[in-house]
Amino acid sequence: GRPADLTGRRVVVSAGGTREAIDPVRFIGNRSSGLQGYALARAAVARGAEVTLVAANVALPDPAGARVVRVESALQTRAAVLDALEGADAVVMAAAVADFRPATRSESKIKKTGAEPDAVHLVKNPDILAELGERRRDGLKPYPRVIVGFAAETDDVLANGRAKLARKGCDLLVVNQVGDGLAFGTPDNAATILVADGDPVDVPRGPKEVLADVVWDLVAARLV
Ligand code: C5P
Numbered sequence: 267g268r269p270a271d272l273t274g275r276r277v278v279v280s281a282g283g284t285r286e287a288i289d290p291v292r293f294i295g296n297r298s299s300g301l302q303g304y305a306l307a308r309a310a311v312a313r314g315a316e317v318t319l320v321a322a323n324v325a326l327p328d329p330a331g332a333r334v335v336r337v338e339s340a341l342q343t344r345a346a347v348l349d350a351l352e353g354a355d356a357v358v359m360a361a362a363v364a365d366f367r368p369a370t371r372s373e374s375k376i377k378k379t380g381a382e383p384d385a386v387h388l389v390k391n392p393d394i395l396a397e398l399g400e401r402r403r404d405g406l407k408p409y410p411r412v413i414v415g416f417a418a419e420t421d422d423v424l425a426n427g428r429a430k431l432a433r434k435g436c437d438l439l440v441v442n443q444v445g446d447g448l449a450f451g452t453p454d455n456a457a458t459i460l461v462a463d464g465d466p467v468d469v470p471r472g473p474k475e476v477l478a479d480v481v482w483d484l485v486a487a488r489l490v
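Here is the structure:
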């Protein structure tokens, strides 16, 4: 059985991948399935936490016992995460949040004409994870005590991960190995969890549930 070490704790988990609308029928999206975030939410419920799951475009059943807030875009994800912050002990940003969005959303479906299409002009989305780190650094309440990010890296995993952890001001950064039948849409994951003030923790290839429990082990240790 799992320890009830998150009893009385309030945690926020984001999952899935954002969609950034181009027009009413088209969007820019990504391949995140939400499986890892949902595994994190289920594990936290099982360990006694009060869980808010911010789910971006996930086709999975709601985890029993979690409060699920459905969102579509990065801006909606940000609003939902900030809204759930009050009283939150930890936030785990497992969602793949788009770095950019189309500058404008066409009110009507963009038509195919004989001419060359217009370029889709992109603007930056806010970095939610970095913003949480800034709130905590600046003592701007509410902010979570423990902040966990995810990163999919393909090369120089440790060096890139370290730099990202520092840049975003998080406590833990779960660095996924992508490719090789891992990460996107698969039940398995393999990761190195970088720890701001400690040694990295290697989680060998295995079910996303196992990685979820290792993450909560590390979070729970920081909440005592
Ligand atoms: O910078 P990168 O996108 O690789 O960082 C990934 C981490 O940052 C994930 O935890 C993701 O949820 C978070 N993120 C965010 N807001 C963004 C982009 C990424 O919170 N706009």
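In UniProt numbering, the protein residues as written are 267 to 490. Think of the CB as a built atom: it goes at the ideal place given N, C-alpha and C, for glycine as much as any other residue.
Among A369, Q342, G267, P269, nearest to A281 - alpha-carbon criterion: Q342
Per-residue burial, A417 [other beta carbons within 10 Å of its own, 16 or more giving buried]: buried
Proximal residues to R353 (C-beta, below 6 Å), its chain only, five neighbours per side dropped: The sequence shown places Gly at residue 353, not Arg. These residues qualify, in order along the chain: R276.
beta-carbon A361 near the ligand C5P non-hydrogen atom, thresh 7 Å: yes
Bounding residues of the beta strand (DSSP E) (the contiguous stretch that carries E316): 316-322
Nearest neighbour of Q443, chosen from D328, V279, R367, A457 [CA to CA]: A457
Simplified DSSP assignment, three categories, for K474: helix
Rounded C-alpha distance that separates G283 from A322: 5 Å
beta-carbon G435 near the ligand C5P non-hydrogen atom, thresh 7 Å: no
Close beta carbons around A434, own chain, < 6 Å, minus the five adjacent residues each side: The displayed chain sequence assigns Lys, not Ala, to residue 434. The residues are L395, A396, G399, G415.
G464 versus V337 - alpha carbon distance: 34 Å
Check whether A340 and R308 have beta carbons under 8 Å apart: no
Residues of its chain near D437, where Cβ-Cβ distance is below 6 Å and the 5 sequence neighbours each way are ignored: V412, I413, A462
Neighbourhood of R344 by C-beta distance below 7 Å, restricted to the same chain and skipping five residues each side: P392, I394
Cβ shell of A478 (< 6 Å), same chain only, five flanking positions each side left out: A305, L306, A309
Nearest-angstrom beta carbon gap, L351 and A332 [assumed within contact, 8 Å]: 16 Å between Cβ atoms; not a contact.
Close-in-space but distant-in-sequence residues of the same chain around I376 (CB under 6 Å, 5 per side omitted): D289
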